[in-house]
DNA sequence: CGTGACCTTGAGTAGCCTCAAGAACTGTGG
DNA sequence: CCACAGTTCTTGAGGCTACTCAAGGTCACG
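Chains as they are written, first to last, in this note's numbering: chain A, 711 to 964; chain B, 711 to 964.
Put into structure tokens, the structure is as follows:
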């Protein structure tokens, strides 16, 4: 598992994030030149020229080490964040102490939209590996949305995607059995890696079996057993956290 | 079950919806005088005077009979809708035909936000009783959001609430057992009725056991058994679809 | 007042959880 | 570079929750 699939990385231009280094150290980010939001939130197509620039938006870059926290639940909401490199998880907690992982986020994706109406974040964001984020102060976001129609659409589309993502998760949980949930989760992750220019066939799971289990409403033993089962059936190859999808169709058919 | 809790209804002024009539007939809506969005999407408090008016936004009212469809999945997205009176369900369908009820909506709530980025709706909206909706063409919504800072905040808060709602459902499904899910669902429903000026102690379930089951990832038999169990324990009184919450604390404690 | 949809309850079973123990991996310090 | 400690992962056994199937009762509506 020491070798990562760095060969297959084909960074999109203007994506505003960089490929994660194998063992990131505390270097500071040089700012990506173009729109950070564009590829992750412009399903309308990138042919529309944008009339705004990242410089109007991004205030600062934040570097977070593996296992460290970017945002605590309950902390005041001031900015949206984009994952520049690395990955993280959003953990919500019930008053009773029940944990739920609302989402995993990989490079290029946007965090914090759920906090807008509340003034405080409802999830604790923890880095799954050494990661970089950039902060977009929300007053600037709102100001820019009022100036730029393009940006407004982009922003609204980002919110809408977040809503659909939550509904998709709920559908997995409500209608699927353990192996189906896991297959859906892994294929979704593959698609998201693909959309960011990584391989959709082979990737490294940055989260533990435990985290996957919490996210999908399963015990970590069931996650492990299901992965072993997939491996045995030659639907995928699983070696620790390195995962290679072999029979995509069969996984979809579950 | 012939008697509804009309006595307890205390319609908020300016809420933009009216109390559901017991047996609504095809009367046309007279437009409510004030902001439709305000109470359902202004968690910042209503003390802030709004600098926009409903007339700028609402194009038309739609009347939908019980069981009829307001919007089909896949139909083009042109407008957001507000439930003026009545209630409805949002049903998403997987390619494989798996149904999931993403949400139930009662009077005062907003529909369709998830469709923004996609240009098509991803849920079929069906009325649970004779209901009225008003359409807000999305180009007008966007135009108004650019003119009015108040309205922009209101709109963003609406999106954010929708995101949190999805995450809450996912948390119920991932972490709770059947009775806990059902209790959470019913208490949430009670809170929402309360927020709209209805009784939070006694209300009529507009949806079938089957629908509740699909929403919560349970069989309708389990929903029925759990309700009977709550009744037996005197946590609530259940008579058909009329529900009276007796021991709120015990339900929360589950 | 009849018909169809909805609801309730019971019996048996499957899927997943819990508990448990050992293996593999990760990271750290010698 | 290796040994060790802690974490993560895997696999097995047994039990419980909630599902499926089934049948009878109740309610809504024409």
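Cβ atoms here follow ideal geometry from the backbone N, Cα and C, with glycine treated the same way.
Predicted model only: the values in this text are computed from it and were never measured.
Any C-beta of chain B sitting closer than 8 Å to the C-beta of residue i?
i, result
"residue 834(A)", "no"
"residue 808(A)", "yes"
"residue 927(A)", "yes"
"residue 899(A)", "no"
"residue 905(A)", "no"
"residue 815(A)", "no"
"residue 866(A)", "yes"
"residue 753(A)", "Annotation note: pLDDT 32 at residue 753(A) (below 50); position unreliable, coordinate value reported separately. Yes, its Cβ sits closer than 8 Å to a Cβ of chain B."
Give the range of the beta strand (DSSP E) segment to which residue i is assigned.
i, result
"residue 791(B)", "789-795"
"residue 815(B)", "809-816"
"residue 837(A)", "834-837"
"residue 956(B)", "Looking at the DSSP string, residue 956(B) is not in any beta strand (DSSP E), and its letter there is neither H nor E."
"residue 921(A)", "Careful: residue 921(A) lies outside any beta strand (DSSP E), inside the alpha helix (DSSP H) at 919-926."
Quick one: residues in its chain with C-beta nearer than 8 Å to the C-beta of residue i, no 5 flanking neighbours on either side, listed in chain order?
i, result
"residue 896(A)", "946, 953, 955 and 961"
"residue 944(A)", "956 and 957"
"residue 951(B)", "711, 914, 915 and 916"
"residue 903(A)", "816, 909, 910 and 913"
Mind checking which residues open and close the alpha helix (DSSP H) that includes residue i?
i, result
"residue 912(A)", "Looking at the DSSP string, residue 912(A) is not in any alpha helix (DSSP H); the run it does join, the beta strand (DSSP E), is 912-914."
"residue 877(B)", "859-885"
"residue 936(A)", "930-942"
"residue 894(B)", "888-905"
Please decide whether residue i counts as near chain A, where near means a Cβ-Cβ distance under 8 Å.
i, result
"residue 873(B)", "yes"
"residue 802(B)", "yes"
"residue 920(B)", "no"
"residue 870(B)", "yes"
"residue 861(B)", "no"
"residue 855(B)", "yes"
"residue 876(B)", "yes"
"residue 812(B)", "yes"
Going by beta carbon distance, what residues of the same chain come within less than 6 Å of residue i, once the five residues before and after it are set aside?
i, result
"residue 829(A)", "787"
"residue 810(B)", "802"
"residue 923(B)", "929, 930 and 933"
"residue 826(B)", "none"
"residue 948(A)", "937 and 941"
Return the residue from the list the options that minimises the CA-CA distance to residue i.
i, options, result
"residue 781(B)", "814(B), 964(B), 800(B) and 912(B)", "800(B)"
"residue 857(A)", "775(A), 940(A) and 767(A)", "767(A)"
"residue 840(B)", "864(B), 811(B) and 779(B)", "779(B)"
"residue 889(A)", "822(A), 794(A), 929(A) and 900(A)", "929(A)"
"residue 838(A)", "859(A), 921(A), 777(A) and 922(A)", "777(A)"
"residue 880(A)", "813(A), 951(A) and 959(A)", "813(A)"
"residue 701(A)", "948(A), 773(A), 904(A) and 865(A)", "There is simply no residue 701(A) to check, as chain A begins at 711 and stops at 964 in what is shown."
"residue 901(B)", "823(B), 910(B) and 925(B)", "910(B)"
"residue 808(A)", "884(B), 948(B) and 920(B)", "884(B)"
"residue 818(A)", "859(A), 797(A) and 876(A)", "797(A)"
"residue 769(A)", "846(A), 882(A), 790(A) and 918(A)", "846(A)"
"residue 886(B)", "784(B), 866(B), 927(B) and 871(B)", "927(B)"
What I want to know is whether the C-beta of residue i ends up closer than 7 Å to one or more non-hydrogen atoms of the ligand HEM.
i, result
"residue 837(B)", "The ligand HEM is not among the ligands present in this structure, which contains no ligands whatsoever."
Here's a check: name, in chain order, each residue in its chain whose Cβ is nearer than 7 Å to the Cβ of residue i, leaving out the five neighbours to either side.
i, result
"residue 936(A)", "888, 889 and 892"
"residue 919(A)", "930, 933 and 934"
"residue 894(A)", "882 and 886"
_Can you pull out the residues from the segment 879-896 of chain B whose beta carbon lies closer than 8 Å to at least one beta carbon of chain A?_
879, 880, 881, 883, 884, 885 and 886
*Taking Cβ-Cβ distances below 9 Å as the criterion, which residues of the segment 817-829 of chain B are in contact with chain A?*
823, 824, 825, 826, 827, 828 and 829
_For the segment 841-855 of chain A, list every residue whose C-beta sits within 8 Å of some C-beta in chain B, in sequence order._
852 and 855
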